[in-house]
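Have a look at the structure below, then the notes.
Protein chains: 2
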Amino acid sequence: MRLIAVDWGTSSLRGALLDDDGSVLDEKSAPLGILNVPGGDFAGTFASCFADWMRPAGSLCLISGMAGSRQGWLEAPYVACPAGLADLAHHLRWIERDRIAIVAGLSDERDGVPDVMRGEEVQIFGAMRLCGIESGLFVLPGTHNKWATVRDGRVTGFRTCMTGEFYGLLSRQSILARTLQADAPLDEAAFRQGVTRAGNGEGLLHNAFGVRALALFERLSAPASASYLSGLLIGEELRTQSLEDVGEVVLIGAPELTARYALALGQVGVETRMLGAEATWAGLRSLRAAM
Amino acid sequence: MRLIAVDWGTSSLRGALLDDDGSVLDEKSAPLGILNVPGGDFAGTFASCFADWMRPAGSLCLISGMAGSRQGWLEAPYVACPAGLADLAHHLRWIERDRIAIVAGLSDERDGVPDVMRGEEVQIFGAMRLCGIESGLFVLPGTHNKWATVRDGRVTGFRTCMTGEFYGLLSRQSILARTLQADAPLDEAAFRQGVTRAGNGEGLLHNAFGVRALALFERLSAPASASYLSGLLIGEELRTQSLEDVGEVVLIGAPELTARYALALGQVGVETRMLGAEATWAGLRSLRAAM
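Okay, here's the thing in structure tokens:
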């Protein structure tokens, strides 16, 4: 039975055709995220991308990500943590019975404030499969980073940090943009300096202004400012996590991002392992097995 | 001897004509901040606004604010803290000797990272005069807030927080903007809820996402979200200050902003006193007396 694994996010649509043993037979991606679906025609867009893969009888498609949000194809619920694969399997929303399903997201509530994820839960389950572990701390850097705790195969809780979005706003639209080259390659020394600075506990609102002042006094170049700011933000994120008894953190995401987290976590003595897009395909395969 | 007191900032130009005893005889303001000076002609813009006030022999004009920055009329230095009125008087930069001068800014360095202010130092000295105090904690809310410590008439140190700019970016340009009415009037209960939430110490990167999640679950309306976010930011600012032995905080700025700080500081048991634009005029008057 062929599995068509689809990750339909805000800005892009990616799919993989997997055979029975999980090998990737083919992959596709298009800039057709849920906010860019022509005419809001999700069914048509899906067909134009995946009709050929879906043709054989018995083909099953599982779709994770923002396709299940209110602005997506079909709203799928948020399953409350702790949640495992069986819970996700139980809450699938079928577009076509036994043929195309949307995967639910996860929610977690702490002190009266909820938190949500859509798509990352599948990557976490995939990473567990690929790493052969059932417990641990999983970090998924991106626009809205997720820090998720897993125990005995279930996501017990998680927190979102708007680190990626803050970086975009501060580096491109704030006063810092005047003396900062947002797309500069990583300057490791400046990045580490930012991570260290965040540890002073004086807070992002103050430390961010230091980027401006250092540039005014010509102590930080425009390319180095970008890495310093990135280090400040990731360092601030680390400052608010409990990393004491964490043996290893599993990082899932784009290599240029996970590499930065590996650097910052290494700086505070935490080991890391990195995974990329393959985690999504492995997670959807695990989900099918749990159905 | 008449004093023409001018506050030339980034976005606006304001002036007051003061007589010998400090009474304000006249005031003017124009949207001619240093970034909006036609053709970069500072002298011409100054003349078109204040030539009539400057006509009597012996008129003296002191200009504080961003007019002394690199992008301004004439670059004035930053005087290192601790600094008092005598230091500012010593570092005036004359546009026309004994007639028009630009006031220096202040700098403060901590752990190898500098901080700067331009214009706020004059407001602080003015507030000292108006309140009849020589020591205390002064807070100047705005795009880039200043928290300044004063002892025996000298500014001993200060910190900038980008709170106002963060509010603008998050409320208007981030994902939060989708469910937030940035210009909604203050909802005091939601504001206090945000201040309290910031005290959880989980950091702004995480707590800011709570605004989104609360809105998704329809637990926070668009107008209330604005106040909640404002409370989160000001609460985060307070979290990183040493407020233990502070008897009273002097707040200087626009009433709609200082009122929010008074609320948040009141929530943590700190008393406040509020001053507005009059602090600038009083500060420039004190500076003339120190020349």
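Read top to bottom, the protein sequences are chains E and S. Start counting the first sequence at 56; every next residue gets the next number (my numbering). Start counting the second sequence at 56; every next residue gets the next number (my numbering). We put the CB at the ideal spot given by N, CA and C, even for glycine. Owing to the predicted nature of the structure, the values given are computational and were not obtained by experimental measurement.
Exercise. Relative to chain S, which residues along the stretch 154-181 of chain E have a C-beta separation below 7 Å, given in chain order?
Worked result: D166, V168, P169, D170, V171
For this session: Determine the chain S residues that contact E:I230 at a beta-carbon separation under 7 Å, and present them in chain order.
Result: Within the first sequence, the letter at position 175 stands for residue 230 of chain E. What E:I230 touches in chain S, judged by beta-carbon distance under 7 Å, is E220, going in chain order.
Exercise. Hey, out of S:R206, S:T65, S:I230, S:D142, whose CA is closest to S:A281's CA?
Worked result: Against the second sequence, residue 281 of chain S aligns to sequence position 226. The shortest Cα separation from S:A281 among S:R206, S:T65, S:I230, S:D142 belongs to S:I230.
Exercise. Curious, which full-length beta strand (DSSP E) runs of at least 3 residues does the stretch 202-252 of chain S contain?
Worked result: 209-216
Problem set entry | Contacts of E:F101 in chain S (Cβ-Cβ under 8 Å) | Working through the first sequence from its first residue, we reach residue 101 of chain E at position 46. The premise fails here: E:F101 is roughly 25 Å from chain S at the closest Cβ pair, so nothing lies under 8 Å.
Problem set entry | Neighbour list for S:L224 in chain E, Cβ cutoff strictly below 7 Å | One-based indexing of the second sequence puts residue 224 of chain S at position 169. Chain-order list of chain E residues neighbouring S:L224: L224, Q228, S229, by C-beta distance under 7 Å.
Problem set entry | Cutoff 9 Å: S:M121 Cβ touching any chain E Cβ | For the purposes of this step, residue 121 of chain S is identified with residue 66 of the second sequence, where counting begins at 1. Chain E contact via Cβ: absent.
For this session: Kindly indicate which three-state DSSP category E:V79 falls into: helix, strand or coil?
Result: Reading the first sequence from its first residue, position 24 is the one you call residue 79 of chain E. In the structure shown, E:V79 sits in a strand (DSSP, three-state: E or B).
For this session: Would you mind telling me which residues of chain S sit closer than 8 Å to E:C216, beta carbon to beta carbon, in chain order?
Result: As a first step, residue 216 of chain E must be located in the first sequence, where it is residue number 161. What E:C216 touches in chain S: G258, L260, H261, F264.
Exercise. Given a limit of 8 Å on CB to CB distance, which residues of the stretch 286-317 of chain S reach chain E?
Worked result: L288, E291, E292, R294, T295
Exercise. Who are the near neighbours of E:H146 in its chain, counting only those whose CB is closer than 6 Å to its CB and skipping five residues on each side?
Worked result: On the first sequence, residue 146 of chain E is found 91 positions in, with the first residue counted as 1. P132, V134, A159, listed in sequence order.
Exercise. Within 9 Å (strictly less), CB to CB, does E:R252 reach chain S?
Worked result: Sequence index remark: in the first sequence, residue 252 of chain E carries index 197 (1-based). For E:R252, the answer is yes, since a Cβ of chain S falls inside 9 Å of its Cβ.
For this session: Name, please, each residue of chain E whose Cβ falls closer than 7 Å to the Cβ of S:F272.
Result: In the second sequence, counting from the first residue as 1, residue 272 of chain S sits at position 217. P169, listed in chain order.
Exercise. Is there a Cβ from chain S that is less than 9 Å from the Cβ of E:H146?
Worked result: Looking up residue 146 of chain E in the first sequence gives position 91. Cβ-Cβ to chain S under 9 Å: no for E:H146.
Exercise. Quick one, are the C-beta atoms of S:L129 and S:F180 less than 9 Å apart?
Worked result: Looking up residue 129 of chain S in the second sequence gives position 74. Looking up residue 180 of chain S in the second sequence gives position 125. No.
Exercise. Does the separation of the CB atoms of E:A60 and E:L72 fall below 9 Å?
Worked result: The count along the first sequence starts at 1 and reaches residue 60 of chain E at position 5. The count along the first sequence starts at 1 and reaches residue 72 of chain E at position 17. It is a contact, given that the beta carbons lie within the stated cut-off.
Exercise. Going along the chain, which residues of its own chain have a beta-carbon closer than 8 Å to the beta-carbon of E:R294, five neighbours each way excluded?
Worked result: Residue mapping note: residue 294 of chain E aligns to position 239 of the first sequence, counting from 1. Cβ neighbours of E:R294 beyond the five flanking positions: A253, G254, G256.
Exercise. What residue from E:N91, E:M346, E:A337, E:A345 has the CA that sits closest to E:V177's CA?
Worked result: The residue given as residue 177 of chain E occupies position 122 in the first sequence. From the listed residues E:N91, E:M346, E:A337, E:A345, the smallest Cα separation to E:V177 is found for E:A337.
Exercise. Interface residues of chain E around S:L269 at Cβ under 8 Å?
Worked result: What you label residue 269 of chain S is simply residue 214 of the second sequence in a count that begins at 1. Chain E residues near S:L269: V168, P169.
Problem set entry | For S:P346, the three-state DSSP class (helix, strand or coil) | Mapped onto the second sequence, residue 346 of chain S falls at position 291. The residue you asked about is not Pro; residue 346 of chain S is Met in the sequence shown. S:M346: coil per DSSP, three-state reduction.
Problem set entry | Residues in the stretch 76-105 of chain E having any Cβ partner in chain S nearer than 8 Å | Answer set for the stretch 76-105 of chain E: empty.
Exercise. For S:S341, does the count of other Cβ atoms within 10 angstroms reach 16, so buried, or fall short, so exposed?
Worked result: In the second sequence, the residue the question calls residue 341 of chain S occupies position 286. Counting Cβ neighbours within 10 Å, S:S341 comes out buried, since at least 16 surround it.
For this session: Let me know the secondary structure DSSP gives S:F272 once reduced to three states.
Result: Stepping through the second sequence from its first residue, residue 272 of chain S is reached at position 217. In the three-state scheme derived from DSSP, where H, G and I count as helix and E and B as strand, S:F272 is classed as coil.
Exercise. For S:T100, which residues of its own chain have a beta-carbon under 7 Å away from its beta-carbon, when the five flanking residues on both sides are left out?
Worked result: Within the second sequence, the letter at position 45 stands for residue 100 of chain S. Answer for S:T100: L87, V92, P93, listed in chain order.
Problem set entry | CB of S:M56 within 9 Å of CB of S:L115, strictly | The sequence position of residue 56 of chain S within the second sequence is 1, counting from 1. The sequence position of residue 115 of chain S within the second sequence is 60, counting from 1. Yes. Within cutoff.
Exercise. What are the boundary residues of the beta strand (DSSP E) that E:G191 is part of?
Worked result: Translated into positions along the first sequence, residue 191 of chain E becomes position 136. Run containing E:G191: 191-195, per the beta strand (DSSP E) assignment.
Problem set entry | Straight-line Cα distance separating E:G308 from E:E333 | Taking the first residue of the first sequence as position 1, residue 333 of chain E is located at position 278. Taking the first residue of the first sequence as position 1, residue 308 of chain E is located at position 253. Going by the C-alpha atoms only, they are around 10 Å apart.
For this session: Report yes if the CB atom of S:T211 is closer than 9 Å to the CB atom of S:E292, and no otherwise.
Result: Walking along the second sequence from the start, residue 211 of chain S turns up at place 156. Walking along the second sequence from the start, residue 292 of chain S turns up at place 237. The answer is no: Cβ separation not under 9 Å.
Problem set entry | Reference E:L192; option with closest CA among E:L269, E:W202, E:Q228 | Start at 1 with the first residue of the first sequence, and residue 192 of chain E comes out as number 137. Among E:L269, E:W202, E:Q228, the Cα nearest to that of E:L192 belongs to E:W202.
For this session: Compare the Cα-Cα distances from S:F105 to each of S:Q126, S:L58, S:L260, S:A182 and report the closest residue.
Result: As a first step, residue 105 of chain S must be located in the second sequence, where it is residue number 50. Closest by alpha carbon: S:L58.
Exercise. Got a sec, what are the start and stop residues for the alpha helix (DSSP H) S:C186 sits in?
Worked result: Looking up residue 186 of chain S in the second sequence gives position 131. 175-186 is the extent of the alpha helix (DSSP H) around S:C186.
For this session: May I have the straight-line CA-CA distance separating S:M109 from E:L259, to the nearest angstrom?
Result: In the second sequence, the residue the question calls residue 109 of chain S occupies position 54. In the first sequence, the residue the question calls residue 259 of chain E occupies position 204. Those two C-alpha atoms are separated by around 44 Å.
For this session: Express the C-alpha separation of E:V304 and E:E326 in angstroms, rounding to a whole number.
Result: Residue mapping note: residue 326 of chain E aligns to position 271 of the first sequence, counting from 1. Residue mapping note: residue 304 of chain E aligns to position 249 of the first sequence, counting from 1. If you take the alpha carbons of E:E326 and E:V304, they lie about 6 Å apart.
For this session: Count the other CB atoms, across all protein chains shown, that sit within 10 Å of the CB of E:A141; report buried if there are 16 or more and exposed otherwise.
Result: The residue labelled residue 141 of chain E in the question sits at position 86 within the first sequence. Flag for E:A141 reads exposed.
For this session: Run the CB neighbour count on E:S78, radius 10 Å, all protein chains shown included, and call it buried at 16 or more, exposed below.
Result: Here residue 78 of chain E refers to the residue found at position 23 when the first sequence is read from its first residue. By the Cβ-count criterion, E:S78 is exposed, with fewer than 16 other Cβ atoms from all chains shown falling within 10 Å of its own Cβ.
For this session: Note the first and the last residue of the continuous alpha helix (DSSP H) segment covering S:W128.
Result: The count along the second sequence starts at 1 and reaches residue 128 of chain S at position 73. Element bounds for S:W128: n/a, residue is neither H nor E.
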